[in-house]
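Okay, so here's the structure we're looking at.
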Amino acid sequence: MKRAVSISLGSSSRDKSVRVNLNGQEILVERIGTDGDIEKARRMYLDLDGKVDAFGVGGVDLYLRLDEKEYPLHAALKLVSGIKQTPLCDGRGLKHTLERRVFQLAKSQLGDVHFKQAFVPVAVDRSGLAEAVAEVADRTVFGDLMVALGVPIPIYGIPAFKRVARVMLPIVSHFPMNMIFYGSDGAEQEPKYTKYFNESDLIAGDFLFMRKYMPMDLSGKTVVTNTTTEENIDLLRSRGVKILITTTPRFDGRSFGTNMNEAMLVAYAGMGRRLTDDELNEFIDELMLYPTVIQF
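Take 571 as the starting number for the sequence shown in the working numbering and just add one per residue.
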């Protein structure tokens, strides 16, 4: 049996192990959190190198990608330095394929969708989703300066977001780990930037950022996000969310992050390397890895 392991700096409370059958090929998919313990995560990578078919890198990105350019996050790359055999997947491939196509792939469940305003708390780590959102919303607000840097300035529209990102990314590339690690579990809730949540009928982006800052009332809103547990779904239901779209499919009640899903596909392909965007899109279609849509 092939094995894909996501070693995450995030909380161990979100750990999950499932066996996934892809076209008759069984793959053990495991997410292991280290509760922010960088040295523990590094030891696990080194210990498992060459013993598993693919690594997911969870809780932190290795590179941030804007259009066709990739910006290395040097602190994160130190975490996985010395890994020589097992391919490393931080999810950026699926962020520019699966997430970029989220509304197209979910069309059979959603139909044609249109929103007045979308709010993306942080888009710099998933610009594919940002572009997908901007195509279905009259107005898109990006909170990167507010949420990531504490600068109280919203960004309106994809062109402005890309201009800001081109300035930010060479600087972010050299941030220390404590500025690029998302946090252990996002459980600490501190409603903030509520004006943009309240004014928007579509909220999209990383769930941990969303959970930390979202207001108590999200009545009637559509949420597009990534990793959700059953408890996360209950939370969104209790806040009044109308439709939840997870960009990745659910396995045994859980949607895994893009890094885990990309590692799963790398293990399935058996090429011993990361997959190109074209290869990922082929597997998405071949295996029908569609987003999950839940209507409350």
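In this text, a Cβ means the ideal position worked out from N, Cα and C, and glycines have one as well.
Residue i classed as buried or exposed, judged by whether at least 16 other C-beta atoms fall within 10 angstroms
i                 : result
glycine 666       : For the record, residue 666 in the displayed sequence is histidine; it is not glycine. When all chains shown are included, histidine 666 counts as buried.
valine 737        : exposed
alanine 774       : buried
glycine 698       : buried
arginine 843      : exposed
alanine 730       : exposed
threonine 817     : buried
proline 691       : buried
serine 583        : exposed
lysine 686        : exposed
aspartate 623     : buried
glycine 629       : buried
threonine 710     : buried
lysine 639        : exposed
serine 789        : exposed
phenylalanine 866 : exposed
Expected contact under 8 angstroms - CB spacing of residue i and residue j to nearest Å
i              : j              : result
glycine 652    : leucine 616    : 6 angstroms
isoleucine 728 : glutamate 701  : 6 angstroms
valine 672     : isoleucine 803 : Not really, about 18 angstroms apart at Cβ, beyond 8 angstroms.
alanine 707    : leucine 772    : 6 angstroms
arginine 809   : aspartate 787  : 7 angstroms
8 angstroms CB neighbourhood of residue i in its chain, flanking five on each side removed
i             : result
aspartate 822 : Lys586, Val588
aspartate 776 : Pro691, Val692, Asp695, Arg696, Tyr752, Thr795, Asn796
arginine 612  : Leu649, Val650
Beta-carbon proximity list for residue i, same chain, < 6 angstroms, skipping 5 on both sides
i             : result
glutamine 655 : Asp619, Gly620
leucine 715   : Val721, Ile723
Beta-carbon proximity check, residue i vs residue j, cutoff 8 angstroms
i              : j                 : result
valine 627     : aspartate 660     : yes
methionine 780 : threonine 795     : yes
leucine 592    : leucine 857       : yes
arginine 601   : phenylalanine 751 : no
valine 944     : tyrosine 783      : Past the edges of the chain, shown from 571 to 866, lies residue 944, and the structure says nothing about it.
alanine 837    : arginine 573      : yes
valine 811     : alanine 676       : no
leucine 649    : isoleucine 608    : yes
leucine 719    : leucine 634       : no
valine 599     : methionine 830    : yes
leucine 647    : glutamate 832     : no
proline 761    : proline 746       : no
leucine 680    : leucine 658       : no
proline 819    : tyrosine 763      : no
Any C-beta of chain C under 8 angstroms from that of residue i
i                 : result
phenylalanine 685 : In summary, chain C is missing from the structure at hand, where a single protein chain is found.
Residue i: first and last residue of the uninterrupted alpha helix (DSSP H) it sits in
i             : result
serine 697    : 697 to 706
glutamine 679 : 677 to 680
N- and C-terminal bounds of the beta strand (DSSP E) containing residue i
i                 : result
glycine 603       : 595 to 603
asparagine 591    : 586 to 592
proline 642       : 639 to 642
phenylalanine 689 : 685 to 690
leucine 846       : The displayed chain sequence assigns threonine, not leucine, to residue 846. Threonine 846 -> no beta strand (DSSP E), and no H or E assigned at all.
phenylalanine 625 : 624 to 628
alanine 693       : It is not in any beta strand (DSSP E) - alanine 693 carries neither H nor E in the DSSP assignment.
threonine 792     : 792 to 795
Proximity test, residue i beta-carbon vs the ligand MN heavy atom, cut-off 7 angstroms
i             : result
glutamate 609 : For the structure depicted, the ligand MN is absent and the ligand set is empty, with no information on it obtainable.
Residues near residue i by beta carbon distance below 7 angstroms, same chain, minus five either side
i           : result
leucine 835 : Leu845, Leu850, Phe853
alanine 799 : According to the sequence provided, residue 799 is threonine. The question's alanine does not apply to it. So the qualifying residues of the chain are Arg584, Arg824.
lysine 732  : Leu636
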